[in-house]
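So the structure is just underneath, and the comments pick up after that.
Chains as they are written, first to last, in my numbering: chain U, 108 to 411; chain X, 143 to 447; chain Y, 13 to 555.
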């Protein structure tokens, strides 16, 4: 187990280092932020002073060396835009995104697993057809379009829900609902497929021959086996949200990490971009570990 | 148990078989028809409708849909400059489809080749290539797009490149996983025993077996890439006006949501119908491309026909 | 009415498939009484398992449909009961043991939980169920029963898993135990143990056993009465010994005639001169596990050498090492004066023509996406010097005819053939290379007895026609008896006995060979009865 952890951490660390290097140099290539932050009529001295202050005058390699050195001291740099440590800005945004991901994926998982299992139990039945049809539509829907259509209907016309912000529980309903649709469609299809396989397996036949009731056959015998391929997909979808649900966050004015990343790149706030990438990479690493553990818990044949 | 030797009559030619299998699945048939229309629009739309789409018509500014007195072009309404929506949606199909097709094709070819090599080679390459996929996967793809498109201009080619890069791991991983499994299958060993070279085994034995899976995935991925391109355009970092795509049209209509919902609605509907069609066709392909499953469709066809 | 414990009357079951309605069983009747063992004997596709599935309510409807018939348990018709009533009978009054226990045990729950479950669903309290599960594991003779309760199915061997299935099935002391091919995948020695366990349990509880099998030997060992099925119909029924000695129906006669191990053993011919293949202390290990611990033998031109051993004996590794599908760790294999083990890739390529292989499972060894023509002609695509392209089509037809298939089948795909036909295609592919040695790795094990006999006959004919040599690997002694010139018995990576087939079968030198021969079941019930008596006498003598 420890060896497995070490291996995984090492592999992730390598790709993270690659990522940081790539982003550091690529983002600097997008240009100098000075013009964005100083007024158009700022004097040359003021510009020079700004550059000097943020170290943009040094050669790129020197800037990179300094960045790495600070990083080793757990200093992620300063956000130019908000004039406070980049890590604080990022953690704040990450908190919002994490809550969004946890809430959405919990609902998605429960809904998709229950509905998918029931659909698989009577393949070709009316319930199965409805579930398949809606999961297909869900998997096909462009989220930004659903989002603006939902705003027009529920916020603008019906006045049931607020259009954007994060104040109350009501503010969460539309973003979560929109984020819900695609993962739900995808996961439902995977659950259905793998439950069909599990329910037609030999051990389910044994359970029937033992006289086990239908509900435990679905939710005890088949589900634990059928969940194995599903977990991977749940992980992928959760990772997609953790990497920034940019579109939904932008439309609903939700201050998450995805919106933060895009805004920071547009504003050349490099320290924030890099910190955001590292935090979400760390989160995804931890989530992948949890998924591996879930595998080991569900399937005794897997040992790390 | 299923040892019954079936005698499938052949001789209708591959195209006839294809049509018969398609007809057996009515949903896939309708989806394929719709896609054919979309592809036709993509190929010939700008040539046929270029004039109609560009014409400003101040009288018809933000004209609502279904007002037939303004002519067929205004059927779906018009935008804030009075440009008719229907021809614009048709023309936008070209860029939308071109970006998706280009990205899917590039990523599929590159990803599959890398995956075949990674899966078949037992040496160092087999270890390094998957790591490469991991790096791409851990990169927030929208961020990559933003950075690249900021440095280069957001032209159709550049967007294809960006989207292709982000989708390479999908094919790479699938191809590799399948090769790892198929490499151990007995018919591959039988070929080895006959003295077949690695190239022959990869291209004659392994690739044909995994190709259906890859094509099925590519169909799904086409839908995914379309959505990704639309998202980019929607966020304002994709294709720029005066070029148009469906995603860009949705984005442009967003400002008029309250008084002219149709500006965003129709291009959005075009996206959802196209992706839905692709999903349906992908489901159909999964069965139709598998000789051991194809009978399901053949049977259904007989029953219906 | 309630004359019998379980009676199936005029049962007809059909399935809706791509090829239309298939009648799985038609007008099948049989009955089972307390304390007796009834065997349903049939080959694949005979419908032998269908009536048992109908008894257990395991037929999926649709696509299945029970068209007519009755299933009477103590005179009450199961088919008229509700699903809930039948669920209460399943596991409690009628229990079932399946083939392939690894697939039939749930991989993610402990065996203790799974055994306790059958008692819990029929109302036994949790604590009692647990205690009884432990007692059952002791009863079926599992080592360390306490620890075994908390283990998972994959942590047991094949024979142990079948014991677990049996423990689970008898947990509620059922009146009827249905066993569907319970010993098919097991080694012969393990098979004998499992069968005798079932007989002991039957003696203790007086349950009726319904045994479904394709194996005449199993019938001879355990059955009182037998029902022979073919093509979904009962063709013959009667006392097991009576049916064997005096079969009435032509199909039964054919089946009994096809049983291996009855024919004349080949006379040992003197074969002088250079051996074709000379293997010297061949070794292969995977890490610390030594699969081959130095194997030495020779094959003469035109000779058939059989390698027999149970699972884990290293016999398949031997085949793979000779073909360099696995790289051997040491030793030599001199083929026509050149060492296969150290051969350079370029020479290896030429050698591939000469030594071919026929694999165990023809479903897997034929590429599903290639036509039969492409499969066979690939030999010449790889080795263009064998045959110019203009002659490919003619030669494929010729080869297909040689192996007993129609030339026009060349355009079809493998999944359109039956198992026996696929193995013929695989043989044709091997022949296309014009080899001198063919290694058959369990080439007939997956086939039905009557098909097995045909394929062996085909191989034997081809040997004479093309002057081939065979290295024939099998787990089953009777199969090689009529066919091989010499037999090599392997155990745990070593050769324990080697000799001409007559000598090994009639005068085995080694204890292990004798045990193997004793455990392999004779299709004649009288022979098996005599062996059982002999065994019992020995046991009482020891005690």
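The C-beta atom is built at its ideal place from N, Cα and C for all residues, glycine as well. Nothing here was measured: the structure is a model prediction, and the numbers come from that model.
Would residue 402/U pass as an interface residue toward chain Y - the criterion being a Cβ-Cβ separation below 8 Å? By one-based count along the first chain, residue 402/U stands at place 295. False, the Cβ-Cβ gap to chain Y never drops below 8 Å.
My understanding is that residue 382/U touches residue 193/U, with C-beta atoms under 8 Å, so please give their C-beta distance in whole angstroms. As a first step, residue 382/U must be located in the first chain, where it is residue number 275. As a first step, residue 193/U must be located in the first chain, where it is residue number 86. Sure, about 4 Å apart at Cβ, within 8 Å.
Check whether the Cβ of residue 44/Y lies closer than 8 Å to any Cβ atom in chain U. Here residue 44/Y refers to the residue found at position 32 when the third chain is read from its first residue. Closer than 8 Å: no.
Start and end of the alpha helix (DSSP H) containing residue 337/Y? As a first step, residue 337/Y must be located in the third chain, where it is residue number 325. Per DSSP, residue 337/Y belongs to no alpha helix (DSSP H) and is neither H nor E.
Residues in its own chain within less than 8 Å of residue 381/Y by CB, not counting five upstream and five downstream? As a position in the third chain, residue 381/Y is number 369, starting the count at 1. Closer than 8 Å at the Cβ level, and outside the excluded window around residue 381/Y, lie 425.
Would you verify that the beta carbon of residue 444/X is, or is not, closer than 8 Å to some beta carbon of chain U? In the second chain, the residue the question calls residue 444/X occupies position 302. Since pLDDT at residue 444/X reaches only 38, below the 50 mark, its modelled position is unreliable, and no value is offered.
Please classify residue 99/Y as buried or exposed, where buried requires at least 16 other C-beta atoms within 10 Å of its C-beta. Indexing the third chain from 1 puts residue 99/Y at position 87. Residue 99/Y is buried by the Cβ-count criterion.
Residue 191/Y lies in the beta strand (DSSP E); which residues open and close that run? Counting from 1 along the third chain, the entry for residue 191/Y is found at position 179. Element bounds for residue 191/Y: 188–192.
Quick one: what does DSSP say residue 469/Y is sitting in, helix, strand or coil? Along the third chain, one-based indexing puts residue 469/Y at 457. Here residue 469/Y sits in helix by DSSP.
Would residue 136/U pass as an interface residue toward chain X - the criterion being a Cβ-Cβ separation below 8 Å? Taking the first residue of the first chain as position 1, residue 136/U is located at position 29. Closer than 8 Å: yes.
Residue-chain proximity (residue 227/U, chain Y), Cβ-Cβ < 8 Å: Mapped onto the first chain, residue 227/U falls at position 120. With 8 Å as the cut-off, residue 227/U does not count as an interface residue toward chain Y.
Could you name the residues that DSSP lists as bridge partners for residue 502/Y? On the third chain, residue 502/Y is found 490 positions in, with the first residue counted as 1. Note: residue 502/Y sits in a beta bridge opposite 507/Y.
Answer with yes or no whether the minimum CB distance from residue 162/Y to chain U is below 8 Å. What you label residue 162/Y is simply residue 150 of the third chain in a count that begins at 1. Output row for residue 162/Y: interface = no.
Just to confirm my understanding: we take residue 184/X, look at its own chain, exclude 5 residues before and 5 after, and list those with CB closer than 6 Å. What are they? Reading the second chain from its first residue, position 42 is the one you call residue 184/X. Here the set comprises 235, 236, 239.
Cβ closer than 8 Å: which chain X residues qualify as neighbours of residue 357/U? Along the first chain, one-based indexing puts residue 357/U at 250. Ordered by position in chain X, the residues that pass the 8 Å Cβ test against residue 357/U are 377.
Residue 129/Y at chain U interface by Cβ criterion, 8 Å: As a working note, residue 129/Y is residue 117 in the third chain. Taking Cβ atoms only, chain U reaches closer than 8 Å to residue 129/Y, which makes this a yes.
Chain-ordered residues of the stretch 108–119 of chain Y with a beta carbon less than 8 Å from chain U: 108, 110, 112, 115, 116, 117, 118, 119
Cβ contact check for the stretch 170–182 of chain X and the stretch 415–423 of chain X: 3 or more pairs under 8 Å: yes
With residue 91/Y and residue 83/Y assumed to form a contact (beta carbons below 8 Å), what rounded beta-carbon distance in angstroms separates them? Here residue 91/Y corresponds to residue number 79 of the third chain, with the count starting at 1. Here residue 83/Y corresponds to residue number 71 of the third chain, with the count starting at 1. Residue 91/Y to residue 83/Y, Cβ: 6 Å. Contact.
Drop a sphere of 10 angstroms on the beta-carbon of residue 164/U, count the other beta-carbons inside from all chains shown, and report buried for 16 or more, exposed for fewer. As a first step, residue 164/U is located in the first chain; it is residue number 57 there, counting from the start. Per the 10 Å Cβ criterion, exposed.
Can you tell me which residues form a DSSP beta bridge with residue 290/Y? Here residue 290/Y is taken as the residue at index 278 of the third chain, counted from 1. 310/Y, 346/Y, per the DSSP bridge assignment.
C-alpha distance - residue 317/Y paired with residue 63/Y, whole-angstrom precision: Taking the third chain and counting its residues from 1, one reaches residue 317/Y at position 305. Taking the third chain and counting its residues from 1, one reaches residue 63/Y at position 51. Approximately 42 Å between the Cα atoms of the pair.
Kindly examine the ligand SAH and report whether one of its heavy atoms sits closer than 7 Å to the Cβ of residue 43/Y. The ligand content of the structure shown is nil, which means the ligand SAH is not present either.
Tell me, please, whether the CB atom of residue 341/Y is closer than 8 Å to any CB atom in chain X? Within the third chain, numbered from 1, the residue matching residue 341/Y stands at position 329. No - not a single Cβ of chain X is within 8 Å of the one on residue 341/Y.
When we look at the beta-carbon of residue 317/U and count the other beta-carbons within 10 Å, is it buried (16 or more) or exposed? Numbered from its first residue, the first chain carries residue 317/U at position 210. Classification of residue 317/U: buried, given that the 10 Å Cβ count is 16 or more.
Please tell me whether residue 265/U has its Cβ less than 8 Å away from any Cβ of chain X. Sequence index remark: in the first chain, residue 265/U carries index 158 (1-based). Closer than 8 Å: no.
Buried or exposed, going by whether 16 or more other CB atoms sit within 10 Å of the CB of residue 233/U? For the purposes of this step, residue 233/U is taken as residue 126 along the first chain, with counting starting at 1. Classification for residue 233/U: exposed.
Residue 249/U: contacting residues in chain X (beta-carbon distance under 7 Å): On the first chain, position 142 is the one that residue 249/U refers to. In chain order: 369, 372, 410, 413, 414.
I want to verify the contact list: residues of chain Y whose CB lies under 7 Å from the CB of residue 329/X, in sequence order. Mapped onto the second chain, residue 329/X falls at position 187. Chain Y residues near residue 329/X: 376, 377, 378, 379.
Mind checking who residue 83/Y pairs with in its DSSP beta bridge? Locating residue 83/Y in the third chain gives position 71, counting from the first residue. Partner(s): 20/Y.
Report all residues from its chain with a CB closer than 6 Å to the CB of residue 188/U; omit the five preceding and five following residues, and keep chain order. Looking up residue 188/U in the first chain gives position 81. Excluding sequence neighbours, residue 188/U sits near 374, 376.
Touching or not, the stretch 450–460 of chain Y and the stretch 474–486 of chain Y, by the rule of three or more beta carbon pairs under 8 Å? yes
Considering only the beta carbon of each residue, do residue 439/Y and residue 470/Y sit closer than 8 Å? As a working note, residue 439/Y is residue 427 in the third chain. As a working note, residue 470/Y is residue 458 in the third chain. Yes, these two residues count as a Cβ contact at 8 Å.
For residue 420/U, go through chain Y and note every residue whose CB falls closer than 7 Å to its CB, in chain order. Residue numbering for chain U in the displayed model covers 108 to 411; residue 420/U lies beyond these limits and cannot be assessed.
Which runs of the alpha helix (DSSP H) at least 4 residues long sit entirely within the stretch 311–343 of chain X? Give them in chain order. 328–335
In the DSSP output, what is residue 28/Y paired with across the bridge? The residue given as residue 28/Y occupies position 16 in the third chain. Answer by DSSP bridge pairing, in chain order: 33/Y.
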